[in-house]
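S.K.: Numbering (our numbering), first residue to last: 354 to 731. Here it is: the structure, laid out below.
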Amino acid sequence: MTKLVERFLKYVKFDTESSETSGTHPSSEGQRVLAEELKKELEAMGAKDIYLSELSYLYATIPASPDRASEPALGFLAHLDTSPDASGKDVKPSIITRDGEEIIVTDGTTLLGADDKLGVAIQMQLAEELLSPDAPSHREIRLAFTPDEEIGEGTYGFDPVRFGAKEAYTIDGGAANEVENANFNAASASFTIRGFSVHPGSAKGMMINALKIAAEIVTKLPQNEAPETTEKREGFYHPTGIEGSVGKATLSIILRDHDSKKLEARKDFLRKIAAEVNAKYGEGTAALEIKDQYRNMEEELQKVPHLIENALNAVRSVGLEPTLKEIRGGTDGAHLTTEMGIPCPNLGTGGRNYHGESEYAIISEFEKAYRIVLKLAS
Numbered sequence: 354m355t356k357l358v359e360r361f362l363k364y365v366k367f368d369t370e371s372s373e374t375s376g377t378h379p380s381s382e383g384q385r386v387l388a389e390e391l392k393k394e395l396e397a398m399g400a401k402d403i404y405l406s407e408l409s410y411l412y413a414t415i416p417a418s419p420d421r422a423s424e425p426a427l428g429f430l431a432h433l434d435t436s437p438d439a440s441g442k443d444v445k446p447s448i449i450t451r452d453g454e455e456i457i458v459t460d461g462t463t464l465l466g467a468d469d470k471l472g473v474a475i476q477m478q479l480a481e482e483l484l485s486p487d488a489p490s491h492r493e494i495r496l497a498f499t500p501d502e503e504i505g506e507g508t509y510g511f512d513p514v515r516f517g518a519k520e521a522y523t524i525d526g527g528a529a530n531e532v533e534n535a536n537f538n539a540a541s542a543s544f545t546i547r548g549f550s551v552h553p554g555s556a557k558g559m560m561i562n563a564l565k566i567a568a569e570i571v572t573k574l575p576q577n578e579a580p581e582t583t584e585k586r587e588g589f590y591h592p593t594g595i596e597g598s599v600g601k602a603t604l605s606i607i608l609r610d611h612d613s614k615k616l617e618a619r620k621d622f623l624r625k626i627a628a629e630v631n632a633k634y635g636e637g638t639a640a641l642e643i644k645d646q647y648r649n650m651e652e653e654l655q656k657v658p659h660l661i662e663n664a665l666n667a668v669r670s671v672g673l674e675p676t677l678k679e680i681r682g683g684t685d686g687a688h689l690t691t692e693m694g695i696p697c698p699n700l701g702t703g704g705r706n707y708h709g710e711s712e713y714a715i716i717s718e719f720e721k722a723y724r725i726v727l728k729l730a731s
């Protein structure tokens with residue numbers, strides 16, 4: 354077993370599941386625990402400028418080789434948290450062989466944590482190799498480990514000045530041959546629905562069931578514009594939760610589209626639904642709040658074509674045929690690219706089936722993903 358795989362198997366034992374409801378930063382204590390462990394490891398390796406912020410953003414520098422000191426720094430980022438869509442507690446990884454490939458899986462009761470502890474392990478292995486006495490010649494490398502990416506808050510407390518790199522890559526993708534240069538424009542929507550609750554035995558003509566109205570709103574969404582019916586650059590509406598009672602309920606929906614104009618049209622469609630509900634049940638029945646989450650980084654990345662070309666060449670260097678791909682989601686890199694001026698394509702890690710109990714990692718791809726990152730650094 355390689356040191357890279359050993360690192361990953363160690364890191365998945367940390368429960369770093371983020372929480373959308375805790376209201377804290379980071380949103381779970383386990384992320385802080387993992388960040389402190391990584392800090393200790395980086396200190397032991399001899400990394401420079403190591404800093405762990407109060408919000409659990411971890412930064413470190415790998416100094417350039419003497420012959421490369423004049424080159425600008427290159428950054429890499431990975432996130433500490435795992436998705437709240439499935440449990441990340443007591444992960445029990447094992448290595449099995451399937452179709453001739455060694456893969457890392459769980460026992461089926463938790464997610465694996467491939468997203469993004471594969472990326473975390475790659476960055477830590479990179480630090481160890483480039484800080485060793487026989488390291489290959491390399492640029493100055495800036496590393497960052499961010500919390501709460503899975504709940505859209507990965508750059509909440511990110512410090513671009515402390516990070517120190519003007520160009521970077523997130524290591525947070527799937528197949529090792531994929532270089533992701535585009536992502537969804539994203540927004541979240543929340544309907545607050547006020548009903549009228551009375552005893553069901555005397556409810557005729559009076560009761561207004563907020564839960565039923567929430568379900569009615571869901572049925573108004575185009576059924577062919579959902580995650581389970583779309584692919585590639587097709588956008589969607591995705592109800593993610595209904596909570597409440599007869600008297601009051603909330604309905605959460607996320608909106609996604611690579612085309613910013615189409616995303617605005619989706620927002621307008623929800624506003625139309627809210628108006629229809631209020632016309633039917635009375636003004637104030639449905640209150641709609643829409644928040645933008647992140648934007649497509651594609652246009653900004655077109656201004657720095659060398660970042661993409663370097664990544665494609667690095668993929669070729671490990672014997673894979675590179676593929677440019679759009680992300681049907683987002684990464685910290687999207688916000689860094691569009692809001693913070695740090696262009697940041699996304700690199701693959703070798704993971705699959707993220708956010709669920711069937712998540713797994715292909716070891717051969719994981720190791721090639723590491724070599725791709727090493728090539729970009731050196």
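Ideal Cβ positions, reconstructed from N, Cα and C, are used throughout, including at glycine.
(1) Whether or not the segment 517-527 and the segment 465-472 are in contact is what I'm after, with contact meaning three or more pairs of Cβ atoms, one per stretch, closer than 8 Å; do they touch?
(2) Thinking C-alpha only, which one of Pro486, Ala518, His378 is nearest Glu424?
(3) Against chain C, with Cβ distances strictly below 8 Å, would Asp621 count as a contact?
(4) How is Pro592 classed by DSSP in three states: helix, strand or coil?
(5) So the beta strand (DSSP E) His688 belongs to, where does it begin and stop?
(6) Are the CB atoms of Tyr634 and Ile570 nearer to each other than 8 Å?
(7) So is Val458 buried or exposed if we call it buried at 16+ other beta carbons inside 10 Å?
(8) Considering only C-alpha positions, which residue in the set Leu727, Asn534, Pro675 is nearest to Ala528?
(9) For the structure I just gave you, are there three or more beta carbon pairs, one from the segment 546-558 and one from the segment 615-625, closer than 8 Å?
(10) Scan the segment 528-596 and note each continuous beta strand (DSSP E) run of 3 residues or more that stays entirely inside, going in chain order.
(11) How about Pro379 and Pro500: do their beta carbons lie closer than 8 Å?
(12) Say whether the segment 602-616 touches the segment 582-592, bearing in mind that this needs 3 or more beta-carbon pairs closer than 8 Å, one atom from each stretch.
(13) Determine the extent of the alpha helix (DSSP H) in which Gly383 is found, giving its start and end residues.
(14) Can you look up Gln476 in the DSSP assignment and give me helix, strand or coil?
(15) Give every residue of the same chain whose Cβ lies closer than 8 Å to the Cβ of Gly683, excluding the five residues on either side of it in the sequence, and list them in chain order.
M.R.: Reading from the atomic positions:
(1) yes
(2) Ala518
(3) In the structure shown, chain C cannot be found, because there is only a single protein chain.
(4) strand
(5) Not the beta strand (DSSP E): His688 falls in the alpha helix (DSSP H), residues 685-692.
(6) no
(7) buried
(8) Pro675
(9) no
(10) For the segment 528-596, whole beta strand (DSSP E) runs of length 3 or above, ordered along the chain, are 531-536, 538-547.
(11) yes
(12) Because the criterion of three Cβ pairs below 8 Å is met, the segment 602-616 and the segment 582-592 touch.
(13) 382-398
(14) helix
(15) Cβ within range, chain order: Gly505, Asn536, Phe537, Ala539, Gln646, Tyr647.
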